[in-house]
Amino acid sequence: TLFPYTTLFRSVLSVSKGAMAIQPAKIDNYDEQWVMAVSSTGHVVVVALKDLPIMPKGKGIKIINISSKKFKTREEYMSTASCLFDGESVTLYSGKRKKTLSPDKVDEYVSERGLRGRKLPKGYRSVEFIEVHPLDEEDE
Numbered sequence: 005t006l007f008p009y010t011t012l013f014r015s016v017l018s019v020s021k022g023a024m025a026i027q028p029a030k031i032d033n034y035d036e037q038w039v040m041a042v043s044s045t046g047h048v049v050v051v052a053l054k055d056l057p058i059m060p061k062g063k064g065i066k067i068i069n070i071s072s073k074k075f076k077t078r079e080e081y082m083s084t085a086s087c088l089f090d091g092e093s094v095t096l097y098s099g100k101r102k103k104t105l106s107p108d109k110v111d112e113y114v115s116e117r118g119l120r121g122r123k124l125p126k127g128y129r130s131v132e133f134i135e136v137h138p139l140d141e142e143d144e
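So this note's numbering is basically just the index in the sequence shown, starting at one, shifted up by 4.
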């Protein structure tokens, strides 16, 4: 929660025309965490957080490759993203369906920043939410 001195003309986040903000992801360890990004068409890319550049205020980066034409028509956009540690499993929620990816399956989606990524199986391509299952401290 932000409490500015005055609320008049305060802007926390501005997005370009046609864009929508997604839920922010908590970063616990910049050097060890990964980012999983999912597009509205079911493309998934997992990128090491340390490989993402830290940009000056107000500048953004491309995590997953979406063509400008498809983005402007809202045919495709980044629907959700989440941070996870190596070895954690995730559950992808798509409508009433959900799919859990084991750590080995998550590793199959690891790629470089700015690439298209791999497509999810049919029926799970419209991901609305990513749930990360933390590692149990007993397993380490």
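C-beta: ideal position from N, C-alpha, C; glycine also. On a predicted model such as this, the values are computed, not experimentally measured, just so you know.
Annotation for serine 86: the continuous beta strand (DSSP E) segment containing it runs 82-89. When DSSP reads this structure, leucine 139 sits in no beta bridge, so it has no partner.
At the C-beta level, serine 43 and methionine 82 come within 8 angstroms of one another. The segment 91-98 makes no contact with the segment 66-82, as fewer than three CB pairs between them are under 8 angstroms. Cβ neighbours of alanine 52 within its own chain (closer than 6 angstroms, five residues either side excluded): Trp38. Following the DSSP letters along the chain, one finds serine 72 inside the alpha helix (DSSP H) bounded by residues 72-76.
Lysine 103 sits in a strand when the DSSP states are folded into three classes. In this structure, serine 86 places its C-beta atom within 8 angstroms of the C-beta atom of isoleucine 134.
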